[in-house]
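Structure, as structure tokens:
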Amino acid sequence: MSRVLVIESSARKEGSVSRQLTAEFLANWKAAHPDDEIVVRDLANEPVPHLDIDLLGGWTKPAGQQSEAEKAALARSERLTAELLGADVLVLAAPMYNFAIPSTLKAWLDHVLRAGVTFKYTENGPQGLLTGKRAFVLTARGGIYSGSPLDHQEPYLRQALGFIGIHDVNFIHAEGLNMGGDFLQQGLARAKEKLARVA
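To convert, take the position in the sequence shown, counting from 1, and add 1039; that gives this note's numbering.
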């Protein structure tokens, strides 16, 4: 049995294509892996604050010197990191906002990319500590950006996940969703076809 951690980052509760992709992925995954545990963290329902001075203090100060705000920020980071550490499979659902990921997803990453916990510095440079995990990234894009210099989603997420040791990453892009004509249906159909294969 594996544990699957799903991170939803769309600001939309209704009409979200990335949430639609997540539902499709999970339906396929549960059919293929009925005993797996699914944990969903929805960053629209429970936003994660951006990296701030309290979180930095929680990470760097001795416990006896931390303020209450710093202790609370550290506890939040510990909870989020524990969810990631306990997962065998990570699913990131990420609509493209202004050529990149939602700021809520960036805030989540800022809480879990932690020196000494999910990566460490060595004499040969940083080393990821989360080896052996798999990741799936489900994106929804108004235009077609794969392979384009305007795509700041996939390169960034590959680097961030690789930095903590997750190199087995599959991207499923639903593209052309706002281009009119048949682009919407074609983009969804291609994404769903790939979802069925990878699950």
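Even for Gly, the Cβ is constructed at its ideal location relative to N, Cα and C.
Because the structure is a prediction, the values reported are computed rather than measured.
| Query | Result |
| --- | --- |
| So Val1156 is in the alpha helix (DSSP H); what residue range does that whole segment cover? | Careful: Val1156 lies outside any alpha helix (DSSP H) and carries neither H nor E. |
| Provide the residue(s) that pair with Tyr1245 in DSSP beta bridges, ordered along the chain. | Missing from the structure shown is residue 1245; the chain here goes from 1040 to 1238 and no further. |
| Taking only three categories from DSSP, how would you classify His1150? | helix |
| Can you give me the start and stop residues for the beta strand (DSSP E) that Val1078 sits inside? | Glu1076 to Asp1081 |
| Could you check where the alpha helix (DSSP H) with Glu1193 kicks off and where it finishes? | Glu1193 to Phe1202 |
| For the ligand HEM, I want to know if Asp1207 counts as a neighbour, meaning its beta carbon is within less than 8 angstroms of at least one of the ligand's heavy atoms. | With respect to small molecules bound, the structure shown includes none, and the ligand HEM cannot be examined in it. |
| Taking DSSP as the reference, what is the three-state secondary structure of Asp1127? | coil |
| Shortest alpha-carbon distance to Ile1077 belongs to which of Met1040, Gln1059, Arg1180 and Ser1055? | Met1040 |
| Does the contact criterion of 3 or more C-beta pairs under 8 angstroms hold for the stretch 1160 to 1175 versus the stretch 1076 to 1091? | no |
| Does DSSP put Ala1050 in a helix, in a strand, or in coil? | coil |
| Give me the Cα-Cα distance between Asn1152 and Ala1121, rounded to the nearest whole angstrom. | First, the amino acid is wrong: residue 1152 is Leu here, not Asn. When rounded, the distance between both Cα atoms is 12 angstroms. |
| Tell me where the beta strand (DSSP E) around Thr1178 begins and ends. | Arg1173 to Ala1179 |
| Please state whether the Cβ-Cβ distance between Ala1133 and Leu1189 is less than 9 angstroms. | no |
| Count the other CB atoms within 10 Å of the CB of Val1237; is the residue buried (16 or more) or exposed (fewer)? | exposed |
| For Val1095, does the count of other Cβ atoms within 10 angstroms reach 16, so buried, or fall short, so exposed? | In the sequence on display, residue 1095 carries Leu and not Val. Classification of Leu1095: exposed, given that the 10 Å Cβ count is below 16. |
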